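Chains as they are written, first to last, in the working numbering: chain A, 140 to 604; chain B, 26 to 427.
Backbone N, C-alpha and C define an ideal beta-carbon position, used for all residues, glycine too.
This structure is a prediction, so every number in the text was calculated from the model and none was measured.
The next block holds one structure in the form of structure tokens; read it before the comments.
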């Protein structure tokens, strides 16, 4: 049976490519972040190699979809802390691309052992965050799993952030201080336990071992400052009349800037090249933070923000998870029109959902639905009676999962071209998504309400112009 | 496609349930006679009920089934209850006051790594809330022994004291974090933890090691050591006095026990005596005093103690007493379509008279068959192949009651 290998894209791509070059794998296409996800090795032509988002790799290995993988130890620990019996084993530290995970607070840190109000932890590593909270006897806590920008949350929107940084001094740059270092992590070669016990992986693994640099990283290099003792301080007070607005980073940023310009609203420091997440808006009584659009509905539901510009897709995903959430769409901004679609491989003899449930009634194996929209995908599978299904969470580049690593995708698409290029076909359209302004149904005070209305009107005029 | 049972979960068959109900009958009998009243708490609770400082150890919390509810956008998690005492304490602090003797039967959920271990287990438990005396501790121990004796299970008791462990740890001068960690280790059953640490403190080693290595009944030894211990560790006087008081009551009652200071129980909420029940080297239950728990839930300064028995283990050990012979089942046969009503009536009359009556559905042949006809005679009664006729159901019952 062919050996299957999962390689990282993004942060670790360049160094992993260099290492595999030293190992003389002769990879034809693993140098750039192009949309090519299936490189071939001239040394191991039989091997099936796939490129994933780093976060997906431990999950793919644990599920047994891949035999070997390379990824950051942070994501391995995030999986193992919750599922210690999962089939992932760490084979070897590859001695490059390391960092550390820190629990950090804003310079005015909260008292963490207090009873009463919940300690909020924002993190891309929700399992590690929960484990930290339990181990440290936080009597009451809630974890905000975020897609990114965890450093933007404290102090107003979370007491703590669990985040990755090269060095503790990096935390200072975003106005944070270290509470505890959780983990020094490296990059690891990992294997599926069963594969490691049963398959012959020796040749491949040996080439990697031989390509690891001789010099070991000296722990002395990473000297961290002492953790700051956490002192008690009152919760951060925000004027109750201040309107807190969340603006998106990433793809949606430029369009949002254009929209604000059109509405005649001046904003400074957005986009911030220096990692600034608190741009200044020229409107009285309004503060702005830049966070991921995926995280906005949850933040608005919790009262951390009054308004946010996100997508209808992420609002729908939030409402699929929490049907009684107080978040609602206030204004359709009509930007970035995409369709959410159900996608299968071209070879699957199915044209629509009813054909799909017929096909599944004869199927023994669980039907795997991969999606960034975990809750929408779960609801869709439930409502369409997909029987014994599993939702595989992904972090982008989902097209490449079909047909080997998933059976169906719930994806967004603008033109459908990417889907066709990957030999996939659309069998259903769930809904159309555009950017929208969201808010909460929770009652606000008079002054705040006026400020919200004023901003909404300005944006409405700009949208309709 | 074959639908499988969820990993770590298990079905209880009619035969299993018979044993389950038998065990339940025995402990309910004892609880009621000792003046305990039954309560039931929900399966789902907030996670923070169990994470508040001083309730469960992190080892135990790592096995809790926790998840977000459909309205859990705040990130606060809910759990399938991992144990029975804390919910009962919550219930007490919510709506009760004064002295309460309570008992419960509950399924509790813990994620055991090995999927062959049960992840849902059943417990029965008793709590005395509102009494802080050594007599209350002794009552619980004797009550648990009473139940186990009635089930025919030979039990061994191991005693420890949470206050004593804490005083020893305080004397070791550990950091707050280390102190907590070691305490949790001891409670999670790492019996070597205290011994390891006390070896590092030669001054204490002389006093501690004999204490840690205690085996068998040794109140006398403990009393002898009292002077020496109190001299070395003044803070130990209070918990030690408390411990000896309970031991004295047990001695008075002739209860046999072993002292095993470093043995664990997994619950951080214990403040005083901890007792563990063993049969055939297997732990079948345990309990202890938890004087700070109700207060930590905002329920006022209320002393309390309690215990739980592990029903799954008891079910495997108990030999059911066959004092009541197997109930005979009377099969009521419907001879024709127009006799249905009469057959149901006849079956009902038999049940009223205290028999088990089954309407025949599959033509099986037990010892007792009552055929119900629409004509005369209305009833044909067959016992072991011999038939006789009857006009009324009253006549049939007369024959059965013999």
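- Around the beta carbon of residue 428 of chain A, a 10 Å sphere encloses 16 or more other beta carbons of the protein chains shown; the residue is thus reported as buried.
- For residue 282 of chain A, the nearest CB of chain B lies under 8 Å from its own CB, placing it at the interface with that chain.
- In the three-state reduction of the DSSP assignment, residue 269 of chain B falls in the helix class, which pools H, G and I.
- At a cut-off of 8 Å between beta carbons, residue 510 of chain A makes no contact with chain B.
- Residue 569 of chain A sits away from residue 595 of chain A, with the two beta carbons spaced by 8 Å or more.
- Flagged as an interface residue toward chain B: residue 259 of chain A, by a C-beta distance shorter than 8 Å.
- Using a Cβ distance threshold of 8 Å, residue 210 of chain B and residue 137 of chain B do not count as a contacting pair.
- Taken through DSSP and simplified to helix, strand or coil, residue 217 of chain A comes out as helix.
- Short of 7 Å from the beta carbon of residue 102 of chain B, and not among the five residues preceding or following it, lie these beta carbons of its own chain, in chain order: 72, 91, 92, 93.
- Assignment of residue 337 of chain A by DSSP, reduced to helix, strand and coil, places it in the helix class.
- Listed along chain A is no residue with a C-beta nearer than 8 Å to that of residue 401 of chain B; the closest approach is about 55 Å.
- Between residue 96 of chain B and chain A, the shortest Cβ-Cβ separation is below 8 Å.
- Assignment of beta-bridge partners to residue 147 of chain B by DSSP yields B:132.
- The C-beta distance from residue 114 of chain B to residue 318 of chain B rounds to 5 Å, short enough to fall under 8 Å.
- For the pair residue 81 of chain B and residue 292 of chain B, the CB atoms are nearer than the 8 Å cut-off.
- When Cβ-Cβ separations below 8 Å define contact, residue 83 of chain B makes contact with chain A.
- Between residue 206 of chain A and residue 331 of chain A, the C-beta gap is smaller than 8 Å, which places the two residues in contact.
- Look at residue 206 of chain A here: in three-state DSSP terms it is coil, with no helix or strand label.
- Taking 7 Å as the upper bound on Cβ-Cβ separation, chain A lies near residues 73, 76, 77, 78 of the region 68-79 of chain B.
- Under the DSSP assignment, residue 395 of chain A falls in the alpha helix (DSSP H) whose first and last residues are 391-401.
- Counting only residues of its own chain and dropping the five nearest sequence neighbours on each side, residue 130 of chain B has a CB closer than 6 Å to the CB of 149.
- Using a Cβ-Cβ distance cut-off of 8 Å, the region 363-378 of chain B and the region 330-347 of chain B are not in contact, since fewer than three pairs of beta carbons, one from each stretch, lie closer than that value.
- For residue 320 of chain A, the nearest beta carbon of chain B is not closer than 8 Å to its own beta carbon.
- In the same chain as residue 264 of chain B, and ignoring 5 residues on each side of it, the C-beta atoms closer than 6 Å to its own belong to 186, 188, 189, 192, in chain order.
- Judged by DSSP in its simplified three-state form, residue 158 of chain A adopts helix.
- In the displayed model, residue 328 of chain B falls within coil according to three-state DSSP, outside both helix and strand.
- Distance between residue 565 of chain A and residue 541 of chain A, taken at the CA atoms: about 13 Å.
- Counted as a single uninterrupted DSSP element, the alpha helix (DSSP H) harbouring residue 75 of chain B occupies residues 72-76.
- Boundaries of the beta strand (DSSP E) harbouring residue 566 of chain A: 563-572, taken from the DSSP string.
- In the three-state DSSP reduction, residue 278 of chain B falls in the coil class, being neither helix nor strand.
- When C-beta distances to chain B are compared with 8 Å, the residues of the region 211-245 of chain A below that value are 223, 224, in chain order.
- For residue 440 of chain A, the chain B residues whose Cβ falls inside 9 Å of its Cβ are 98, 99, in order along the chain.
- In the DSSP assignment, residue 260 of chain A is bridged to A:282, A:299.
- Residue pairing by DSSP puts residue 387 of chain A in a beta bridge opposite A:430.
- A residue is called buried once 16 or more other Cβ atoms fall within 10 Å of its Cβ, and residue 421 of chain A, having fewer, is exposed.
- Residue pairing for residue 470 of chain A: DSSP places it in a beta bridge opposite A:576.
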